[in-house]
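Trainee: When you read off a place in the sequence shown, starting at 1, and then add 1, the result is the number in this note's numbering.
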Amino acid sequence: MEQTQTDFHQMPRIGDKAPEFKAITTQGKINFPGDYSGSWVILFSHPADFTPVCTSEFMTFAAMEDRFAEANTKLVGLSVDGLFSHIAWLRTIKEKIEYKGMKDIEVKFPLIEDITMEVSKKYGMIQPGESNTKAVRAVFIIDPKGIIRTIIYYPLSLGRNFEELYRAVIGLQTADAFSIATPADWQPGDDVIVPTAGSCGAAKERMESDDIHCYDWFFCTKKLSKEEVLKTVLKK
Ligand code: BEZ
Numbered sequence: 002m003e004q005t006q007t008d009f010h011q012m013p014r015i016g017d018k019a020p021e022f023k024a025i026t027t028q029g030k031i032n033f034p035g036d037y038s039g040s041w042v043i044l045f046s047h048p049a050d051f052t053p054v055c056t057s058e059f060m061t062f063a064a065m066e067d068r069f070a071e072a073n074t075k076l077v078g079l080s081v082d083g084l085f086s087h088i089a090w091l092r093t094i095k096e097k098i099e100y101k102g103m104k105d106i107e108v109k110f111p112l113i114e115d116i117t118m119e120v121s122k123k124y125g126m127i128q129p130g131e132s133n134t135k136a137v138r139a140v141f142i143i144d145p146k147g148i149i150r151t152i153i154y155y156p157l158s159l160g161r162n163f164e165e166l167y168r169a170v171i172g173l174q175t176a177d178a179f180s181i182a183t184p185a186d187w188q189p190g191d192d193v194i195v196p197t198a199g200s201c202g203a204a205k206e207r208m209e210s211d212d213i214h215c216y217d218w219f220f221c222t223k224k225l226s227k228e229e230v231l232k233t234v235l236k237k
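#1: Is the stretch 41-54 touching the stretch 132-145 in the sense that three or more CB pairs, one from each, lie closer than 8 Å?
#2: Only counting the same chain, and skipping five residues up and downstream in sequence, which positions put a Cβ closer than 7 Å to that of Phe62?
#3: Using a Cβ-based criterion (distance less than 7 Å to any ligand heavy atom), does Lys101 qualify as near the ligand BEZ?
#4: Assess contact between the stretch 17-33 and the stretch 146-153, defined as three or more Cβ pairs (one per stretch) separated by less than 8 Å. Is contact present?
#5: Give a single yes or no on whether Lys75 has its beta carbon closer than 7 Å to a heavy atom of the ligand BEZ.
#6: Less than 7 Å separating the Cβ of Cys55 from some heavy atom of the ligand BEZ?
#7: State yes or no: is the C-beta of Cys221 within less than 8 Å of the C-beta of Val195?
#8: Please report how far the alpha carbon of Ser121 lies from the alpha carbon of Asp67, in whole angstroms.
#9: For Asp50, count the other beta carbons within 10 Å of its own beta carbon; 16 or more makes it buried, fewer makes it exposed. Which is it?
#10: To the nearest angstrom, how far is it from the Cα of Tyr167 to the Cα of Asp217?
#11: May I ask you to check if the CB of Ala49 is nearer than 7 Å to at least one heavy atom of the ligand SAH?
#12: Using three-state DSSP, classify Met12 as helix, strand or coil.
#13: Mind checking which residues open and close the alpha helix (DSSP H) that includes Ile94?
#14: In the structure shown, what three-state DSSP assignment does Lys23 receive?
#15: Only counting the same chain, and skipping five residues up and downstream in sequence, which positions put a Cβ closer than 7 Å to that of Asp82?
#16: DSSP on Leu231, reduced to helix/strand/coil?
#17: Since Phe69 is in the alpha helix (DSSP H), which residue starts that stretch and which ends it?
#18: Taking the beta carbon of Ala178 as the centre, do at least 16 other beta carbons fall within 10 Å, making it buried, or is it exposed?
#19: Using a Cβ-based criterion (distance less than 7 Å to any ligand heavy atom), does Ser121 qualify as near the ligand BEZ?
#20: For Ala178, report the span of its alpha helix (DSSP H) as first-last.
Okay, structure coming up:
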């Protein structure tokens with residue numbers, strides 16, 4: 002099928018302001034991202050209601066909602082299904098589905114109806130090579146100022162790892178709070194990466210410093226305790 006000009010949207014990028022939209026959801030109307038100002042938010046899409054991978058994902062995400070709330074992070078789902086389908090699917094999940102020890106799972110976060118695909122097109126969630134009629138599994142992590150900080154897309158067949166999304170939220174907030182970066186596979190309590198020194202002198206001084214460990218002049222880490230991360234990010 003040929004793509005027309007009206008179908009074309011530039012994909013949002015990390016660092017962009019989250020595209021604005023108004024939508025109807027299972028929790029009423031929302032004005033995005035304005036309604037979420039001051040909170041982190043994960044906007045995510047799924048291909049279709051009443052499908053197995055999506056059901057496993059919704060149960061897992063809903064079961065973790067309180068943990069995200071502790072990290073000042075709200076969840077907003079979307080698919081191109083209609084409101085009545087959303088309501089019926091979420092009711093079925095709550096009343097009938099028991100999966101991996103999860104049961105009676107109530108999805109309390111809003112699920113956007115997007116029959117017109119207006120929102121999903123704005124966010125590059127319709128990827129014709131994968132499907133013209135369903136959103137891929139997109140994840141946008143948006144900060145309290147409405148800036149997109151992380152984007153992840155998965156195909157229809159691959160269920161997401163929600164612990165990784167939680168790790169990403171905590172990692173972003175830790176990087177902001179302590180002006181550091183996080184290395185591969187970082188978890189709270191692991192060493193963090195300090196910015197590269199601006200000059201040779203500073204690098205040498207740093208390499209000799211007690212609380213910083215340098216693998217070379219461009220790769221230095223320091224300790225950041227789990228307690229400090231939890232106290233700052235989760236206020237615990
Ligand atoms: C699923 O969620 O199971 C699914 C949805 C669309 C295509 C393939 C799988």
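We put the beta carbon where it would ideally sit given N, CA and C, even for glycine.
Mentor: This is what the structure holds:
#1: Yes, they touch.
#2: For Phe62, where only same-chain residues beyond five positions count, the Cβ hits under 7 Å are Leu76 and Phe163.
#3: The answer is no for Lys101.
#4: Cβ pair count under 8 Å is three or more, so yes.
#5: Result no, Cβ not under 7 Å from the ligand BEZ.
#6: Closer than 7 Å to some heavy atom of the ligand BEZ: that describes the Cβ of Cys55.
#7: Val195 is positioned such that its CB atom lies closer than 8 Å to that of Cys221.
#8: Those two C-alpha atoms are separated by around 26 Å.
#9: Of the other Cβ atoms in all chains shown, 16 or more fall within 10 Å of the Cβ of Asp50; this residue is therefore buried.
#10: C-alpha separation (whole angstroms): 31 Å.
#11: Only the ligand BEZ can be found as ligands here, which leaves the ligand SAH out of the picture.
#12: Correct three-state label for Met12: coil.
#13: Taken as a continuous stretch (DSSP letters only), the alpha helix (DSSP H) holding Ile94 covers Leu84 to Lys97.
#14: Strand, per DSSP.
#15: Setting aside the 5 residues that flank it on each side, Asp82 is surrounded in the same chain by Ala49, Asp50 and Glu114, each with a C-beta closer than 7 Å to its C-beta; the list follows chain order.
#16: For Leu231, the secondary structure class from DSSP, reduced to helix, strand or coil, is helix.
#17: For Phe69, the enclosing alpha helix (DSSP H) has its first and last residue at Glu66 to Glu71.
#18: Exposed.
#19: No.
#20: From DSSP, the alpha helix (DSSP H) with Ala178 extends over Phe163 to Phe179.
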